[in-house]
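Novice:
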Amino acid sequence: MATQHSRSAARIMMAPAVVLLLGWMLIPLTMTLYFSFKKFLPLRGGDLGWVGFDNYVRFVSSSAFWPSVQTTLIIVGGVLLITVMLGVLLAILLDQPLWGQGIVRILVIAPFFVMPTVSALVWKNMFMDPVNGLFAHLWKFFGAQPVEWLSDAPLFSIILIVSWQWLPFATLILLTAIQSLDSEQLEASEMDGAPPLARFGFIILPHLSRAITIVVLIQTIFLLAVFAEIFVTTQGSFGTRTLTYLIFQRVLESQNVGLGSAGGVYAIILANIVAIFLMRIVGKNLDS
Amino acid sequence: MARAVTNRRKALNTLVAWSVGLLIFFPILWTILTSFKTEAQAINDPPLFLFFDWTLENYAVVQERSDYMRFLWNSVIIAGGSTVIGIIIAVPAAWSMAFVPSKRTKDILLWMLSTKMLPAVGVLYPIYLLFIELGLLDTRIGLTIVLMLINLPIIVWMLYTYFKEIPGEILEAARMDGAALKEEILYILTPMAVPGIASTLLLNIILAWNEAFWTLNLTAAKAAPLTAFIASYSSPEGLFYAKLSAASTMAIAPILILGWFSQKQLVRGLTFGAVK
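Chains as they are written, first to last, in my numbering: chain C, 1 to 288; chain V, 1001 to 1276.
Following this line, the structure appears as structure tokens:
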């Protein structure tokens, strides 16, 4: 069907995108790998020679490493748990017949469009501030002592902020998946007298499993890279230093490029493990 | 979809859904409301909800003190520019993959997607260094290029899924009638592809507008877009809730409006066609 002529034309049309992405991937990646085997301190002597796997060992054995892994897992896991569970419930709720469905949908989706620095600062100041925040007023109203959210419950606070941002994404995708569910199947089960919980467990949830997997994988990739929310709230203090933030600090704040680059390689490997699973699903979808 | 429900059930659904919806939307609503208060009213105890002296002064103050328009303009240039350039590069690629697929098409698509998975922090220093060497640090052109590259995979993917939906028979017929490649693109493909391109444009402007890793790390004063401008409020002086709210409202308003138009494309664009 396609002629030789159109094949070579196709190759030329693809070239710019392929070449650019290849460069964007290979050049920085090679540089990161290169730096990771060097002692490189731009502000204190510059390139101090090859050190083998020293940086890789030091990055993992530094006292900040394991806490940062733990923090990352708690934030990613916490946000995933909240957004998927609430997302399923919200998607089912929004799928019900109700008045003003379109407007409610818009209200629910809105947080996704708020830039990360805005949502983090609004939550930090106007809700979580221990003196003037709305939560403080609410706590006082009920006679409780206001909470210093970002220093007393820093991980919870960040999970709350990030979950608020990502709940719309989970909801929207799960809602799209629910709407593709054959309503006759549901009706039939309803007529057969299946209780709501059984309908949920045996029809809706299995139907959603693929969408849930996709939500989990895509969110994981984005959540591993959460940055601005920490940058403008705690700056990594109070035990909120994630792996991403730790690498950022090593590279730009303390300008220990070799060490930071080794950390970067770990982060790349970690993200790739998640990515492989996502690509499998996406790839399968391409075949069908 | 039209399941028969009693009105009482529907009313209950409506009540619950609206309560939840308003609760989720509340932080945005609160920000918008606070932007119309004076600084003193913004921290009033108890908090003022609707009954305060509405004022526009914060908007004026933000513009006056911080030259808000410059940051806005940077955001427009960077988000718009990176998206437009990305689409110009992606349209031919997606077109050829959709209509002249080869054995390697799938691999190329998946490989492109994999570049999107590269954690930014892993390549932070190389990019930072290259930017210094090339004199791109804190320039709009530098940031435009980076945002174009990080969104290019999504743009190619979205366009590919849209182009795939254009029936191939139409092209076959055109070729039979002797249409040249140029005519094929100009008269057949373009009209059918425009809606898909428009959706792609919309979603990617949103993504670029809100990007907050590279924009924070590669800009200082000159090329800083709104994400970085808002971040400067993280170490404020004096009372600032109302001003923060005004600046935030202005920063998110255009995207909220664009976003409401692109709800459907959001799913397609961010799941790479895996959920439709």
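Note that CB positions come from ideal geometry on N, CA and C, so glycine has one too.
Predicted model, so just to flag it, every value in this text is computed and none were measured.
For Q165(C), count neighbouring C-beta atoms within 10 Å of its own C-beta (all shown protein chains included) and say buried if the count is 16 or more, exposed if not.
Specialist: So Q165(C) ends up on the buried side.
Novice: Would you identify the three-state DSSP class for L1186(V), choosing helix, strand or coil?
Specialist: If DSSP states are grouped into helix, strand and coil, L1186(V) belongs with the helices.
Novice: Does the distance from the CB of A262(C) to the CB of F59(C) come in under 8 Å?
Specialist: A contact, by the Cβ cut-off of 8 Å.
Novice: For the putative contact between G1122(V) and G264(C), defined by C-beta atoms under 8 Å, what is the C-beta separation to the nearest angstrom?
Specialist: So it is a contact: roughly 4 Å between Cβ atoms.
Novice: Among M1192(V), S1235(V), L1113(V), M1148(V), which residue has its Cα nearest to the Cα of R280(C)?
Specialist: Residue L1113(V) is the option with its Cα nearest to R280(C).
Novice: To the nearest whole angstrom, what separates the beta carbons of T1031(V) and V108(C), a pair I think is in contact under 8 Å?
Specialist: That belief does not hold up - the Cβ atoms of T1031(V) and V108(C) are roughly 17 Å apart, past 8 Å.
Novice: Runs of 3 residues minimum, wholly inside the stretch 188 to 232 of chain C: which ones carry the beta strand (DSSP E) assignment?
Specialist: You should have found no qualifying run.
Novice: Let me check you understand the geometry: is the CB of K1243(V) closer than 7 Å to at least one non-hydrogen atom of the ligand PLP?
Specialist: This structure does not include the ligand PLP; it has no bound ligands of any sort.
Novice: Grouping DSSP H, G and I as helix and E and B as strand, with all else coil, what is G1135(V)?
Specialist: Three-state result, G1135(V): coil.
Novice: For M1117(V) and chain C, any beta-carbon pair shorter than 8 Å?
Specialist: Chain C contact via Cβ: present.
Novice: Following the continuous beta strand (DSSP E) through W50(C), name the residue where it begins and the one where it ends.
Specialist: Note, W50(C): beta strand (DSSP E), 46 to 50.
Novice: As an exercise, report each continuous alpha helix (DSSP H) stretch of at least 4 residues that is fully enclosed by the stretch 1144 to 1207 of chain V, in chain order.
Specialist: Listed in chain order, they are 1168 to 1176.
Novice: For a test of the three-state rule: what should DSSP assign to F142(C), helix, strand or coil?
Specialist: Three-state result, F142(C): coil.
Novice: Please say whether Y1068(V) and A1365(V) have beta carbons closer to each other than 8 Å?
Specialist: Beyond the ends of chain V as shown, which are 1001 and 1276, falls residue 1365(V); an answer cannot be given.
Novice: Using the beta-carbon of each residue, which ones in chain C are nearer than 8 Å to N1013(V)?
Specialist: By Cβ distance, chain C contributes L93, Q96, P97, L98.
Novice: What residues are listed by DSSP as bridge partners for L41(C)?
Specialist: In the DSSP output, where bridge partners are listed per residue, L41(C) has G46(C).
Novice: List, in order along the chain, the chain C residues whose C-beta lies closer than 8 Å to that of W1209(V)?
Specialist: Within chain C, the residues near W1209(V) are M115.
Novice: Residue range of the alpha helix (DSSP H) that W1030(V) falls in?
Specialist: Run containing W1030(V): 1007 to 1034, per the alpha helix (DSSP H) assignment.
Novice: At which residues does the alpha helix (DSSP H) containing Y1233(V) begin and terminate?
Specialist: No alpha helix (DSSP H) contains Y1233(V), which DSSP labels as neither H nor E.
Novice: Assuming contact is defined by CB atoms lying nearer than 8 Å, are L20(C) and L1149(V) in contact in what I supplied?
Specialist: Taking 8 Å as the Cβ cut-off, L20(C) and L1149(V) qualify as a contacting pair.
Novice: Answer with buried or exposed for R105(C), where buried requires no fewer than 16 other C-beta atoms within 10 angstroms of its C-beta.
Specialist: With 16 or more Cβ atoms within 10 Å of its Cβ, R105(C) is classed as buried.
Novice: Report the rounded CA-to-CA distance for N1204(V) versus P1153(V), giving the unit in angstroms.
Specialist: So the alpha carbons of these two residues sit roughly 11 Å apart.
Novice: Between M1001(V) and chain C, is there a C-beta pair that is closer than 8 Å?
Specialist: For M1001(V), the predicted structure reports a pLDDT of 44, less than 50, and the residue's modelled location is therefore unreliable. The matter cannot be settled from this model.
Novice: G45(C) touches chain V at which residues, Cβ-Cβ below 7 Å?
Specialist: Simply none; closest approach about 16 Å.
Novice: Along the chain, which unbroken stretches of the alpha helix (DSSP H) at least 4 residues long are found entirely within the stretch 1076 to 1117 of chain V?
Specialist: Entirely contained in the stretch 1076 to 1117 of chain V, the alpha helix (DSSP H) runs reaching 4 residues are, in chain order, 1105 to 1116.
Novice: Put K1037(V) into one of helix, strand or coil per three-state DSSP.
Specialist: Three-state result, K1037(V): coil.
Novice: Any idea what DSSP makes of G263(C), helix, strand or coil?
Specialist: Three-state result, G263(C): helix.
Novice: Locate the alpha helix (DSSP H) running through N55(C), then write down its first and last residues.
Specialist: That run of the alpha helix (DSSP H) goes 54 to 61.
Novice: Cα separation between G87(C) and A1174(V)?
Specialist: Going from the Cα of G87(C) to the Cα of A1174(V) covers about 46 Å.
Novice: If contact is defined by three or more beta carbon pairs under 8 Å, each pair taking one atom from either stretch, is the stretch 1204 to 1214 of chain V in contact with the stretch 1068 to 1086 of chain V?
Specialist: Yes, they touch.
Novice: By DSSP, does N125(C) sit in helix, in strand, or in coil?
Specialist: Here N125(C) sits in helix by DSSP.
Novice: With DSSP as the reference, label Q1263(V) as helix, strand or coil.
Specialist: Note: Q1263(V) maps to helix in three-state DSSP.
Novice: Rounded to whole angstroms, what is the Cα-Cα separation between P196(C) and Q185(C)?
Specialist: Whole-angstrom Cα-Cα distance: 13 Å.
Novice: Do the stretch 1083 to 1096 of chain V and the stretch 1155 to 1165 of chain V meet, that is, are 3 or more Cβ pairs less than 8 Å apart?
Specialist: Touching, yes, given that three or more Cβ pairs across the two stretches are closer than 8 Å.
Novice: Helix, strand or coil: which one does DSSP assign to S180(C)?
Specialist: Here S180(C) sits in coil by DSSP.
Novice: By Cβ distance below 8 Å, which residues in the same chain neighbour S119(C) in space, the five residues on each side in sequence not counted?
Specialist: Excluding positions up to five away in sequence, the list reads P111, I161, W164, Q165, E229.
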